[in-house]
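A.B. asks: Residue numbers (the working numbering): 1483 to 1748. Please see the structure below; I have some questions.
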Amino acid sequence: MDELVFIKWGGSLITNKNQAETPNIDTIVSLASQFLQIVQKYPNTKFVLGHGSGSFGHFVANKYQTRQGVSSLTEWNGFWQVWKAARALNQIVLSALNELNIPHIAIPASATFMADNKSPISFFDEPFRNALQHGILPVIYGDVVFDRTLGGTILSTEDLFLQLARSLRPNKILLAGLTDAIFYDFPKNKQRIPIITPHNFKEIEHFIGASNSIDVTGGMISKVKRMLEVIEEQPQLQVTIFSGMHPDAMQTVLQGDDIGTSLRQE
1483 MDELVFIKWG GSLITNKNQA ETPNIDTIVS LASQFLQIVQ KYPNTKFVLG
1533 HGSGSFGHFV ANKYQTRQGV SSLTEWNGFW QVWKAARALN QIVLSALNEL
1583 NIPHIAIPAS ATFMADNKSP ISFFDEPFRN ALQHGILPVI YGDVVFDRTL
1633 GGTILSTEDL FLQLARSLRP NKILLAGLTD AIFYDFPKNK QRIPIITPHN
1683 FKEIEHFIGA SNSIDVTGGM ISKVKRMLEV IEEQPQLQVT IFSGMHPDAM
1733 QTVLQGDDIG TSLRQE
């Protein structure tokens, strides 16, 4: 059976999260180039690519508090504004993939996922399965979705990966961000936390820092909790949180080198 890997390019990596709608174009182009090298090196591995919304989605989402729910006319206008901003960043990412002729297709969560009280509860997985079957890279990103209780909300890429993993059962999940790992001494970032498991999480939870910038979906602690939730359901899964700023970082993680912070069952 082919190996399946989910990769996320974090919003802090591909945008300047402290300045609204500011993409890091050079970083996006570099990541796309590195991804092409990975695809060529691992021809029997299939990938799902996700990315955060960074300073595109989070600024406008914070203004309208879209994550918390949508009911008024003003809030529904904000819902649309967040959708528009997230889609704009997605188009920039897709353009970088286009330049390298990487076969891909965007599958937006707003059209395929349903939430209830900020958690994904269902989604239409056939587009993902068909894309993977035919050698096309599915691309997904943090997005607005309709919510049965709240009207509308926002799901992060990790929220989407949680639901996707239940259906597609990946072997690995790679979360590329701006910092090298999760650290005991955030934000000094000198003492790396090498491994997080469901068993030691409570002991180190208070060390896991919040985001330095606007992050309406909960920052690093939320990412870790979502990934541990997947790991408890799928004990064989390996998740790595690492910096995507280093050349060939994704390939380094795929080949098993000890970088970043590893999330696993034991």
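Just so you know, even glycine gets a beta-carbon here, dropped at the ideal spot from N, CA and C. All of these numbers come straight from a predicted model, not from anything done at the bench.
Hey, Leu1710 and Leu1657 are a contact pair by Cβ (cut 8 Å); roughly how many whole angstroms apart?
C.D. replies: Contact doesn't hold; Cβ gap of about 13 Å is too wide.
A.B. asks: If I measure Cβ to Cβ from Gly1536 and keep anything under 7 Å in the same chain, skipping five residues before and after, which residues do I get?
C.D. replies: These residues qualify, in order along the chain: Gly1493, Ser1494, Ile1496, Thr1497, Lys1499, Leu1571.
A.B. asks: So Gln1733 and Gln1516 are supposed to be a Cβ contact under 8 Å. How far apart are they, rounded?
C.D. replies: Contact holds; Cβ gap of about 7 Å.
A.B. asks: So is Leu1555 buried or exposed if we call it buried at 16+ other beta carbons inside 10 Å?
C.D. replies: Per the 10 Å Cβ criterion, exposed.
A.B. asks: From the DSSP output, in three-state form, read off Ser1577 for me.
C.D. replies: Here Ser1577 sits in helix by DSSP.
A.B. asks: For the alpha helix (DSSP H) holding Pro1620, just list the boundary residues, first then last.
C.D. replies: Taken as a continuous stretch (DSSP letters only), Pro1620 belongs to no alpha helix (DSSP H), being part of the beta strand (DSSP E) at 1619–1623.
A.B. asks: Report the residue from Pro1525, His1540, Tyr1524 whose alpha carbon sits nearest the alpha carbon of Thr1504.
C.D. replies: Comparing Cα-Cα distances from Thr1504 to each of Pro1525, His1540, Tyr1524, the minimum goes to His1540.
A.B. asks: Would you report the Cα separation of Met1702 and Glu1608, rounded to the nearest angstrom?
C.D. replies: Whole-angstrom Cα-Cα distance: 30 Å.
A.B. asks: So the candidates are Glu1687, Gly1659, Val1712; which of them puts its Cα closest to the Cα of Arg1651?
C.D. replies: Checking every option, the nearest Cα to that of Arg1651 belongs to Val1712.
A.B. asks: Compute the beta-carbon to beta-carbon distance between Val1621 and Leu1531, rounded to the nearest angstrom, for a pair I have assumed lies under 8 Å.
C.D. replies: That belief holds up - the Cβ atoms of Val1621 and Leu1531 are roughly 5 Å apart, short of 8 Å.
A.B. asks: Given this structure, state the Cα-to-Cα distance separating Asn1682 from Gly1738, to the nearest angstrom.
C.D. replies: Rounded to whole angstroms, Asn1682 to Gly1738 spans 22 Å at the Cα level.
A.B. asks: To the nearest angstrom, how far is the alpha carbon of Met1483 from that of Asn1653?
C.D. replies: Unreliable placement is indicated for Met1483, whose pLDDT of 49 sits below 50; no coordinate value is reported for it.
A.B. asks: In the structure shown, what three-state DSSP assignment does Leu1518 receive?
C.D. replies: The answer is helix: DSSP assigns Leu1518 an H, G or I state.
A.B. asks: Considering just the uninterrupted stretch of the alpha helix (DSSP H) at Leu1656, what are its terminal residues?
C.D. replies: Segment 1654–1659 is the beta strand (DSSP E) holding Leu1656; no alpha helix (DSSP H) there.
A.B. asks: Taking its Cβ as the centre, do 16 or more other Cβ atoms sit within 10 Å of Phe1538, making it buried, or is it exposed?
C.D. replies: Buried: at least 16 other Cβ atoms inside 10 Å.
A.B. asks: Let me know the secondary structure DSSP gives Lys1528 once reduced to three states.
C.D. replies: It is a strand residue.
A.B. asks: Does the separation of the CB atoms of Ser1592 and Val1626 fall below 8 Å?
C.D. replies: The answer is yes: Cβ separation under 8 Å.
A.B. asks: Under 8 Å, with one C-beta from each stretch per pair, do the region 1548–1564 and the region 1572–1590 reach the 3-pair mark?
C.D. replies: These segments do not touch.
A.B. asks: Which residues in the same chain have their Cβ closer than 8 Å to the Cβ of Ile1584, if we skip the five residues on either side of it in sequence?
C.D. replies: Ala1514, Phe1517, Leu1518, Val1521, Leu1619.
A.B. asks: Beta strand (DSSP E) containing Lys1490: first to last residue?
C.D. replies: 1485–1491 is the extent of the beta strand (DSSP E) around Lys1490.
A.B. asks: Using a Cβ-Cβ cut-off of 7 Å (strictly less than) and excluding sequence neighbours within five positions of Thr1661, which residues of its own chain qualify?
C.D. replies: The answer, listed in chain order, is Asn1671, Ser1725.
A.B. asks: What span of residues does the alpha helix (DSSP H) with Leu1642 cover, start to end?
C.D. replies: Leu1642 -> alpha helix (DSSP H) spans 1639–1650.
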